[in-house]
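Visitor:
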Amino acid sequence: MRIAAVSKRFGPVAAVERVDLDIRDGEFLCLLGPSGCGKTTLLRMLAGFERPSGGRIFLDGRDITDEPPHRRPLNMMFQSYALFPHMSVAGNIAFGLKREGMPRAAIAKRVAEMLALVRLDAMAERRPHQLSGGQRQRVALARALAKHPRLLLLDEPMAALDRKLREETQIELKALQARLGLTFITVTHDQTEAMSMADRIAVMHGGRLAQLGAPHEVYERPATLAVARFIGDATVFEGAARAGAGRDDVSFAVDGAPLVLDIRATDRDAALARRRAVARPENIALFSRRPEGQPNLMQGRVAQILYRGEARLLIVDVHGVQVRVTQPNRAGAKEDVQTGSTVWLSIAPDALLLLPD
Amino acid sequence: MKHGIGAVAGSALILGFVFIYAPIALLILFSFNDSRLVTVWGGFTTRWYAGLLENEALMGAAWNSLRVGVASATVATVMGTLIALALARFGRFRGRGLLAAMAFAPIVMPEVITALSLLLLFVAVDLDRGALTITLAHAAFTTGFAAAIIGARLAGFDRSLEEAAMDLGAPPLLAFAQVTLPLIAPAIAAAWALAFTLSLDDLVIASFTSGPGSTTLPMRIYSQMRLGVSPDINAVGTLIVLVVTAAVLAATVALKHGERAGAG
Amino acid sequence: MSRRDSYGRATRWAVLAPPVVFLVALFVIPFLLIARISLSHSVRAQPPYAPQYEGGGVAGAWRLIGELDLENYATILSDDLYLSAFLTSLRIAGIATLLLLLIGYPMAYGMARARASLRPILLALMIVPFWTSFLIRIYAWIGILKADGLINQALLALGLIGAPLEILNTEAAIFIGVVYAYLPFMVLPIYAVLAAQDRALLEAAADLGAPPWLSFWLVTVPLSFPGVAAGCLLVFIPCVGEFVIPDLLGGSETLMIGRQLWSEFFGNRDWPTASAIAVLMVIVLIIPFLLLRRLESRGEEALR
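Protein sequence lines, in the order shown, are assigned to chains A, B and C.
Following this note's numbering, the residues of the first sequence are numbered contiguously, the last one being 403.
Following this note's numbering, the residues of the second sequence are numbered contiguously, the last one being 290.
Following this note's numbering, the residues of the third sequence are numbered contiguously, the last one being 1079.
1. Please decide whether residue 978 of chain C counts as near chain A, where near means a Cβ-Cβ distance under 8 Å.
2. Assign residue 789 of chain C to buried or exposed, taking buried as 16 or more other Cβ atoms, counted over all protein chains shown, within 10 Å of its Cβ.
3. I'd like the ranges of any alpha helix (DSSP H) spanning at least 4 consecutive residues and lying wholly in the stretch 177-220 of chain A.
4. Do you know offhand how far residue 164 of chain A's Cα is from residue 84 of chain A's?
5. From residue 1002 of chain C to residue 109 of chain B, what distance separates their C-alpha atoms?
6. Who are residue 54 of chain A's beta bridge partners in DSSP?
7. Kindly indicate which three-state DSSP category residue 1019 of chain C falls into: helix, strand or coil?
8. Can you tell me which residues form a DSSP beta bridge with residue 1068 of chain C?
9. Looking at chain B, is there any beta carbon in it that lies within less than 8 Å of the beta carbon of residue 911 of chain C?
10. Closer than 8 Å by C-beta to residue 384 of chain A: which residues in its own chain qualify, once you throw out the five before and the five after it? Chain order, please.
11. Taking the alpha helix (DSSP H) that residue 964 of chain C falls in, what are its first and last residues?
12. Identify the continuous beta strand (DSSP E) that holds residue 11 of chain A and give its terminal residues.
13. Determine which residues share a DSSP beta bridge with residue 364 of chain A and list them.
14. Below 8 Å between beta carbons is the criterion; list the residues of the stretch 238-251 of chain B that meet it against any residue of chain C, in chain order.
15. Name, in chain order, the residues that DSSP records as bridge partners for residue 284 of chain A.
16. Between which residues of its own chain and residue 815 of chain C is the CB-CB distance below 7 Å, once the five residues before and five after are set aside?
17. Rank C:963, C:1018, C:991 by C-alpha distance to the C-alpha of residue 976 of chain C and give the top, closest one.
18. Is there a Cβ of chain C sitting closer than 8 Å to that of residue 145 of chain A, yes or no?
19. Excluding the five sequence neighbours on either side, which residues of its own chain have a C-beta within less than 7 Å of the C-beta of residue 206 of chain B, listed in chain order?
20. Can you name the start and end residues of the alpha helix (DSSP H) that residue 160 of chain A belongs to?
21. Which residue marks the beginning of the alpha helix (DSSP H) containing residue 67 of chain B, and which one marks its end?
22. Considering just the uninterrupted stretch of the beta strand (DSSP E) at residue 353 of chain A, what are its terminal residues?
23. Using a C-beta cutoff of 8 Å, does residue 1045 of chain C count as contacting chain A?
24. Flag this pair as yes or no: are the beta carbons of residue 913 of chain C and residue 840 of chain C separated by less than 8 Å?
25. What are the boundary residues of the beta strand (DSSP E) that includes residue 308 of chain A?
26. Quick check on residue 937 of chain C: does DSSP put it in helix, strand or coil?
27. Rounded to whole angstroms, what is the Cα-Cα separation between residue 204 of chain A and residue 901 of chain C?
28. Would you call residue 862 of chain C buried or exposed, if buried means 16 or more other Cβ atoms sit within 10 Å of its Cβ?
29. What residue range does the beta strand (DSSP E) around residue 246 of chain A cover?
30. Please state whether the Cβ-Cβ distance between residue 147 of chain B and residue 804 of chain C is less than 8 Å.
31. Could you check where the alpha helix (DSSP H) with residue 257 of chain A kicks off and where it finishes?
32. Chain A beta carbons: is any one of them nearer than 8 Å to that of residue 1054 of chain C?
33. Which same chain residues, not among the five before or five after residue 965 of chain C, have their C-beta less than 7 Å away from its C-beta?
34. So, helix, strand or coil for residue 1038 of chain C, using DSSP?
35. How far does the beta strand (DSSP E) with residue 123 of chain A in it reach, from first residue to last?
36. Between the Cα of residue 371 of chain A and those of A:357, A:378, A:377, spot the shortest distance and give me the residue it belongs to.
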């Protein structure tokens, strides 16, 4: 599937603006972004429920932009599941097959297959309101998969599930996608969900495609400040960059603090124009005594400690900048840092990223 | 409305509203017709309206209707509020279904049956037929409508508001008076208005339960109608339609305003 | 149901007692009276029925019960006049309900699918006439339908007919009147159900390959069934007992049971027969009502 310069305006508001996206056969693509970023609108344009204001959508080289939803060879799993309340589970799954004019016996066979696939064999005659949330979700999935779609669109598939079930379902869904070899496009605002399931993530921000890449690329090399902020945790230093000693070295003077950071940039010319340096909390080392020979050493005071089970998040005040640092929790580790303690932080020059806004 | 079904529904809607409003518009138009033959235009006049004021029988009947309407609507609103409150707030108590059935059955019950049954009651207890019996009968017949309107409002507003009041130390009655009552006030007003117009409009029940000297406006109009169309009735009808429409619009605005206050 | 505890016993009684007494006195007892008088005989007296309870405690009551009989019912059921009035009422109410459904459903659908900003206005347009005088609105049709009325004038002027059509005082006029007066009662319940329907269901149907008309037929229509049932009942039951419309528009030939009851009461002063007619009407009408209750609870279950 190819999305070429697709835009959607609602009155004066541009929900989606000139998005270009090539979706590979058999991949699991996640549209990720905060609410209102246009990801759902984009998905609804792929399904045919919204007509793009500009641009074209191609499927297998065929322009399907003007095709109504009921003629598109792709299916959608709705956020609310949209199960027909007046039909049984089997009736819901058979709905799409009947529209194809499939013979009765073949429909029955396909419905049984789908029920087995989502492990709901015993529930065929139940009505949707007699099922649990997780079971409804699986019926919605089975219904969307029954027609052998070229592409499955999933709108916030986990939104209605509680946390424990959500994790299990993520694993199942990923395994199912791999087994069927189908192309999945899912929309989510949950970065953990996107990172654990997707082959590639398309981060959307303000109607535009901010970054497209594998989960580790998007996390480790965010293209913009917005992406860095939305995905994972980050400390943002504001300041001014100037050329440093080496060919790739940049010297970054933090605004309002006697602090100059050494940064190794991949593209120094571009980096020199940027005013924001970003560091992930796990890439910042923390010492309770002043260490020797560490790069970018900063002294600060622990303002807050947030316990998170496998790790702690420390918020360290460094000359007024709130630096976020994570420390893994290990059994028997000595607890020598408390709120109010003076600590030293160090960041490797290549762990600091200079990002455009 | 791009596809066929939408177009069909859209045209049905327009034709339907023409069907609903055309007769009313014609009624109003011909009330200004200077011709005894109501449906033949003979020039503009307001003389039928002036004539109404001199028609003592009609004015007396209108006065009766107003008194009965105000009294019966007040009783119906009080009863309707209590019923709605019990149905919406007392959980699944024993006899709940029975109460609902008793309250709402008169809404669908053919009027002749309600009318006859109430008359038989008044005769059995030897109550002289007159304004009082019509008032009681109208109250009985409109209570269900009042309960339905207030009940819808009670069901629609956030129950936790009352609970918050109780949590903050207000006993249930005080919570009701200070939180619930102000929030359902617009619905109570709407319920009163509906009960009043239903009473003002009723012919069948009033005919059964009225006595000599307690003729209501619809009874008076009806006895004239049986003689055929006449410009006076057009004039009366126009006045009724305009007054009621104005009242309904005012009530709608009040209800909307109340909803906004309730939401905010 | 822990919530019921927030009101004390005394409060509950204080709230429940007045309406219960009121409804029992003005709804239940009158009904029992109808049933009792339907078993009496018409006499020239005040009140015009016999036997009366003349004291004597339990023995007197027993004597009274002994004198009651089903004669009025036997008369009504064996008399072609009443029977045909019953059947005519049911037939007219049935056809009118069908007409109302055919006209009301598309209107309700149009309202439910109109722009959100337009919907309150359409709703008000539908409700306002229902508040204004029923009698006056029926009267307005006399001037339109009568021999020298507006329709005939218009058709004559256009040369479409040579002589005035007789519309007033026919069943057609009754249908027009009933459809006109009861339209909101059909439209509003259907509208309520359609407006509450989840649009995602239609999108799901489209996504699974159903073109718009088929989605409408397979999803919208079956899910609107509770509203359709409520609307049909809301117009059918009062329509069977309708008096004003057949009296003003139907002419003297159309016998409807509500009118029959009226004339037994006012014309013949035969209260027992009028009561027996009322009892039979209730029996006939209660059946569709119970049916609706069952359908409604089933519908609610499906929509939960």
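For every residue, glycine included, the Cβ atom is placed at its ideal position computed from N, Cα and C.
Guide: With the structure as the only source:
1. Indexing the third sequence from 1 puts residue 978 of chain C at position 203. By this cut-off, residue 978 of chain C is an interface position.
2. As a position in the third sequence, residue 789 of chain C is number 14, starting the count at 1. By the neighbour-count rule (16 or more Cβ atoms within 10 Å), residue 789 of chain C is not buried but exposed.
3. For the stretch 177-220 of chain A, the full-length alpha helix (DSSP H) segments reaching 4 residues or more read 179-191 along the chain.
4. Here residue 164 of chain A refers to the residue found at position 118 when the first sequence is read from its first residue. Here residue 84 of chain A refers to the residue found at position 38 when the first sequence is read from its first residue. Rounded to whole angstroms, residue 164 of chain A to residue 84 of chain A spans 30 Å at the Cα level.
5. As a working mapping, residue 1002 of chain C is identified with position 227 in the third sequence. As a working mapping, residue 109 of chain B is identified with position 83 in the second sequence. Residue 1002 of chain C and residue 109 of chain B: Cα-Cα distance of roughly 24 Å.
6. Here residue 54 of chain A refers to the residue found at position 8 of the first sequence. Residue pairing from DSSP places residue 54 of chain A in a beta bridge opposite A:62.
7. Along the third sequence, read from residue 1 onward, the residue named residue 1019 of chain C stands at position 244. Residue 1019 of chain C: helix per DSSP, three-state reduction.
8. Counted from its first residue, the third sequence places residue 1068 of chain C at position 293. As computed with DSSP, residue 1068 of chain C is found in no beta bridge at all.
9. On the third sequence, position 136 is the one that residue 911 of chain C refers to. At least one CB atom of chain B sits nearer than 8 Å to the CB of residue 911 of chain C.
10. Within the first sequence, residue 384 of chain A is the residue found at index 338, counting from 1. These residues qualify, in order along the chain: 348, 351.
11. Counted from its first residue, the third sequence places residue 964 of chain C at position 189. Run containing residue 964 of chain C: 946-971, per the alpha helix (DSSP H) assignment.
12. The structure shown does not extend to residue 11 of chain A, since chain A is modelled only from 47 through 403, so no value can be given for it.
13. What you label residue 364 of chain A is simply residue 318 of the first sequence in a count that begins at 1. Looking at the DSSP assignment, residue 364 of chain A forms a beta bridge with A:367.
14. The stretch 238-251 of chain B vs chain C, Cβ under 8 Å: 244, 247, 248, 251.
15. For the purposes of this step, residue 284 of chain A is identified with residue 238 of the first sequence, where counting begins at 1. Paired residues: A:322.
16. Counted from its first residue, the third sequence places residue 815 of chain C at position 40. Spatial neighbours of residue 815 of chain C in its own chain (CB-CB distance under 7 Å, excluding positions within 5 residues in sequence) are listed in chain order as 824, 825, 826, 843, 1047.
17. For the purposes of this step, residue 976 of chain C is taken as residue 201 along the third sequence, with counting starting at 1. Minimum Cα distance to residue 976 of chain C is reached at C:991.
18. Locating residue 145 of chain A in the first sequence gives position 99, counting from the first residue. Yes - at least one Cβ of chain C is within 8 Å of the one on residue 145 of chain A.
19. Within the second sequence, residue 206 of chain B is the residue found at index 180, counting from 1. Excluding positions up to five away in sequence, the list reads 188.
20. The residue labelled residue 160 of chain A in the question sits at position 114 within the first sequence. From DSSP, the alpha helix (DSSP H) with residue 160 of chain A extends over 150-163.
21. Sequence index remark: in the second sequence, residue 67 of chain B carries index 41 (1-based). In the DSSP annotation of this structure, residue 67 of chain B is not part of any alpha helix (DSSP H), being labelled neither H nor E.
22. Along the first sequence, read from residue 1 onward, the residue named residue 353 of chain A stands at position 307. Run containing residue 353 of chain A: 344-353, per the beta strand (DSSP E) assignment.
23. Stepping through the third sequence from its first residue, residue 1045 of chain C is reached at position 270. Not one chain A Cβ lies under 8 Å of residue 1045 of chain C.
24. As a working mapping, residue 913 of chain C is identified with position 138 in the third sequence. As a working mapping, residue 840 of chain C is identified with position 65 in the third sequence. Not a contact, by the Cβ cut-off of 8 Å.
25. Translated into positions along the first sequence, residue 308 of chain A becomes position 262. Membership of residue 308 of chain A in the beta strand (DSSP E) is indicated by the continuous run 306-310.
26. Within the third sequence, residue 937 of chain C is the residue found at index 162, counting from 1. For residue 937 of chain C, the secondary structure class from DSSP, reduced to helix, strand or coil, is coil.
27. Here residue 204 of chain A refers to the residue found at position 158 of the first sequence. Here residue 901 of chain C refers to the residue found at position 126 of the third sequence. Near 42 Å, if we compare the C-alpha coordinates of residue 901 of chain C and residue 204 of chain A.
28. Taking the first residue of the third sequence as 1, we reach residue 862 of chain C at position 87. Exposed, since its Cβ has fewer than 16 Cβ neighbours within 10 Å.
29. Position 200 of the first sequence holds residue 246 of chain A. Residue 246 of chain A: member of the beta strand (DSSP E) spanning 246-251, first to last residue.
30. What you label residue 147 of chain B is simply residue 121 of the second sequence in a count that begins at 1. What you label residue 804 of chain C is simply residue 29 of the third sequence in a count that begins at 1. Between residue 147 of chain B and residue 804 of chain C, the gap from beta carbon to beta carbon is short of 8 Å.
31. Taking the first sequence and counting its residues from 1, one reaches residue 257 of chain A at position 211. The continuous stretches of alpha helix (DSSP H) do not include residue 257 of chain A, which lies in the beta strand (DSSP E) extending over residues 254-259.
32. Here residue 1054 of chain C is taken as the residue at index 279 of the third sequence, counted from 1. False, the Cβ-Cβ gap to chain A never drops below 8 Å.
33. Along the third sequence, read from residue 1 onward, the residue named residue 965 of chain C stands at position 190. So the list reads 879, 880, 883, 999, 1002, 1003, 1006, once near-sequence residues are dropped.
34. For the purposes of this step, residue 1038 of chain C is taken as the residue at position 263 of the third sequence. Residue state, collapsed to three classes: helix.
35. By one-based count along the first sequence, residue 123 of chain A stands at place 77. According to the DSSP assignment, residue 123 of chain A belongs to the beta strand (DSSP E) that extends over 121-123.
36. To locate residue 371 of chain A, count along the first sequence from 1; it is residue 325. Measuring from the Cα of residue 371 of chain A, the nearest candidate turns out to be A:357.
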